[in-house]
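Below is one structure; the comments refer to it alone.
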Amino acid sequence: MTALSSVHRVTRYRPMALWIDTLCIPVAPHLKEYRKLAIRLLGQTFYDAKVVLVLDRELCSVESQKVSDLELGIRIVSGGWMKRLWTLQEAALSIESKSSLGKMYFQMGDGPVRWNKLLHTFQHMPSKPSSKPLPHPRKPTALASTVEEIKRGLLFGLWVEDSITSRLPSVSDLKPWGWDTQLQRLARAVQNRTTSKSEDEAICLASLAGFDLSNILSVQTAEERMQHFYLLLRDIPTAIIFVQLPIFMTLDHIPTPNMKNAPFRWAPRSLLLHLTEVMNVHFAYEAQRFAEAEYRMYGICEPDGLHIEQEGFVFQLEDTILYPTCVFEDADSKEQYCLTWYGTALGSFHREVALIFETTICSKVAIVHIEKRCSRENGIELYATILGHGSVIVQEEPVHGELVKGILTPFNQKWCLT
13 MTALSSVHRV
23 TRYRPMALWI
33 DTLCIPVAPH
43 LKEYRKLAIR
53 LLGQTFYDAK
63 VVLVLDRELC
73 SVESQKVSDL
83 ELGIRIVSGG
93 WMKRLWTLQE
103 AALSIESKSS
113 LGKMYFQMGD
123 GPVRWNKLLH
133 TFQHMPSKPS
143 SKPLPHPRKP
153 TALASTVEEI
163 KRGLLFGLWV
173 EDSITSRLPS
183 VSDLKPWGWD
193 TQLQRLARAV
203 QNRTTSKSED
213 EAICLASLAG
223 FDLSNILSVQ
233 TAEERMQHFY
243 LLLRDIPTAI
253 IFVQLPIFMT
263 LDHIPTPNMK
273 NAPFRWAPRS
283 LLLHLTEVMN
293 VHFAYEAQRF
303 AEAEYRMYGI
313 CEPDGLHIEQ
323 EGFVFQLEDT
333 ILYPTCVFED
343 ADSKEQYCLT
353 WYGTALGSFH
363 REVALIFETT
373 ICSKVAIVHI
383 EKRCSRENGI
393 ELYATILGHG
403 SVIVQEEPVH
413 GELVKGILTP
423 FNQKWCLT
């Protein structure tokens, strides 16, 4: 506040507005509508701000002139401010500013430091000169370090710089581009961030995507809000259904990070997952992208489920038993294949079961049960629920006797995942 007072004197005491979320967003029950209004306009608030100043207790204890830019970058990347979900919105909207240099500042012990988004460097603006300036680093000698050590040091510096850039994207960086859908870009941006209120996630994500928040704010639970968020996204990478779940699912027990209620059981409850889960989506996406057949890469999220077009295999028996490793046969071509699913016990199903292939028949698969069939103008659409995941390879040695049989679907078979 002392620093702000000095700024106020420089501006000859002209009116100066100050917005702090914790002070300006009402929390009283009788001000609920004003709270919704403040949250709905929060994105515009940061976008229109002249300057965005990050106040973090850890950073405020560091004198920026006494540490290197590398150390400063490490402190920011590993600090608490960078781990919160809502601060992503503050960063993205301030970096999106009309100013080519950006308007995001980090308050340090000796004054603010600006992150220059063009040069990827810090610009120090100390309120007082340092009593002990940072000494220039000594030139390394052959006795002090090896070439490999120097190279590692340089690469580490580049990694820190890249981490800041990727963790502080602009709103434009979060829009769909090239092969990436908006879901993928948002999922990458929120990695390693958390929120104490799960119901806030959909609000923050939708605001970053530039969506109208009215529908999301009209419901209360985190799951309902995420459902509205997926409907607003609409374009969902088909690869999302091939993310491997922990163990095999049954209709009564679904140990999964996905939602529990139809028609969104295919959708993650949260995008605040571990990096490995997001990479699973990316790996599945790349597998489809570089496959020989031209697959429809995106599904359409609608109120009745996720509509996709993908090749599959429908088992003929309604009472199907799938062992952890089992052989099945295509009734038309008589080709045999080996299915290995990622489970711990056999699965017995009294309903029609099918496989949806990630690419061709010899690939990863989603194991589903078919709920119903609906006639469309250009074919039959199968409504299905995901039970688990596995992989299929060609059975080299033919197996004789009773086999699970079925038929291949067209490569553009229509499915609706619920």
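The C-terminal position of the sequence shown is numbered 430 in this note's numbering, with every residue numbered one higher than the one before it.
Ideal Cβ positions, reconstructed from N, Cα and C, are used throughout, including at glycine.
So the candidates are the options; which of them puts its Cα closest to the Cα of residue i?
| i | options | result |
| --- | --- | --- |
| GLY190 | TYR310, ARG237, ALA29 | TYR310 |
| VAL404 | LYS129, SER106, GLY324 | GLY324 |
| ASP439 | ASP247, VAL172, ILE228 | Nothing about residue 439 can be read from this structure; the chain reaches only from 13 to 430. |
| GLY413 | PHE340, LEU394, THR352 | PHE340 |
| VAL63 | THR430, LEU82, PRO269, GLU102 | GLU102 |
| ASN424 | ILE392, ALA396, VAL416, THR397 | ILE392 |
| PHE241 | SER375, ALA40, PRO315 | PRO315 |
| MET116 | GLN56, LEU67, GLN232 | LEU67 |
| GLU408 | SER387, VAL416, TYR349 | TYR349 |
| GLU370 | ASN204, GLU321, HIS42, LEU399 | GLU321 |
| ILE107 | LEU420, ASP60, SER90 | ASP60 |
| THR421 | SER375, VAL326, ARG96 | VAL326 |
| VAL380 | LEU394, ASN390, ARG388 | LEU394 |
| PRO410 | LYS346, LEU399, TRP353, LEU283 | LYS346 |
| LEU329 | SER73, HIS42, LEU53, ILE382 | ILE382 |
| ARG52 | ALA251, ILE37, PRO188, HIS401 | ILE37 |
| GLY418 | LEU43, ARG69, ILE373 | ILE373 |
| THR250 | VAL79, GLU389, ARG179, ALA279 | ALA279 |
| SER210 | LEU284, LEU367, LEU54, LYS129 | LEU284 |
| LEU225 | LEU54, PRO41, LYS376 | LEU54 |
| ASP96 | GLN203, LYS272, ALA29 | Asp is not the amino acid found at residue 96; the sequence shown has Arg there. Per the Cα distances, GLN203. |
What does a CB cutoff of less than 8 Å around residue i pick up in its chain, not counting 5 residues either side in sequence?
| i | result |
| --- | --- |
| LEU186 | ALA104, GLN194, ARG197, LEU198, ALA201, LEU220, ALA221 |
| HIS132 | GLU173, ILE176, THR177 |
| ALA274 | GLY317, THR397, THR430 |
| LEU415 | VAL339, PHE340, GLU341, GLN348 |
| ARG47 | ILE37, PRO38, VAL39 |
| SER184 | GLU108 |
How long is the line joining the alpha carbons of residue i and residue j, rounded to whole angstroms?
| i | j | result |
| --- | --- | --- |
| ALA50 | ASP212 | 13 Å |
| LYS384 | VAL255 | 24 Å |
| TRP93 | GLN119 | 12 Å |
| TYR335 | GLN232 | 42 Å |
| LYS216 | SER182 | The displayed chain sequence assigns Cys, not Lys, to residue 216. Each residue's alpha carbon lies about 14 Å from the other. |
| ASP344 | GLU236 | 44 Å |
| LEU71 | GLY91 | 8 Å |
| PHE223 | LEU351 | 42 Å |
| TRP98 | THR207 | 8 Å |
| ALA218 | ARG205 | 16 Å |
| LYS426 | GLY402 | 21 Å |
| VAL406 | ARG363 | 25 Å |
| ASN390 | ARG308 | 16 Å |
| LYS44 | LEU229 | 11 Å |
| THR337 | ALA234 | 38 Å |
| ASN128 | PRO188 | 24 Å |
| ASP33 | LEU130 | 28 Å |
| MET28 | PRO41 | 29 Å |
Please classify residue i: does DSSP put it in a helix, a strand, or coil?
| i | result |
| --- | --- |
| TRP278 | coil |
| HIS265 | Residue confidence for HIS265 is low, a pLDDT of 40 falling below 50, so the modelled location carries little weight; the figure read from the coordinates is stated next. If DSSP states are grouped into helix, strand and coil, HIS265 belongs with coil. |
| ILE392 | strand |
| LYS44 | helix |
| ASN227 | helix |
| CYS338 | strand |
| GLY55 | helix |
| GLN101 | helix |
| LEU284 | coil |
| TYR117 | strand |
| HIS136 | strand |
| CYS386 | strand |
| ARG200 | helix |
| LEU415 | coil |
| GLN348 | strand |
| ARG179 | helix |
| CYS428 | strand |
Enumerate in chain order the residues of its own chain whose CB-to-CB distance from residue i is below 7 Å, with the five nearest sequence positions on each side excluded.
| i | result |
| --- | --- |
| CYS313 | TYR242, LEU243, LEU245, ARG246, ILE248 |
| THR57 | TRP31 |
| GLY432 | The structure shown does not extend to residue 432, since the chain is modelled only from 13 to 430, so the question has no answer here. |
| SER387 | none |
| ASN270 | ARG277, TRP278, ALA279, PRO280, ARG281 |
| LEU170 | none |
Apart from the five residues on each side of it in sequence, which residues of its chain come closer than 6 Å, Cβ to Cβ, to residue i?
| i | result |
| --- | --- |
| ASP81 | PHE134 |
| ARG126 | TYR117, GLN135 |
| MET238 | ALA214 |
| SER375 | PHE369 |
| ALA366 | GLY324, VAL326, VAL380, ILE382 |
With a cut-off of 8 Å on the beta carbons, I'd call residue i and residue j a contact; round off their distance for me.
| i | j | result |
| --- | --- | --- |
| ILE253 | LEU429 | 6 Å |
| ARG179 | VAL89 | 6 Å |
| LEU65 | PRO124 | 6 Å |
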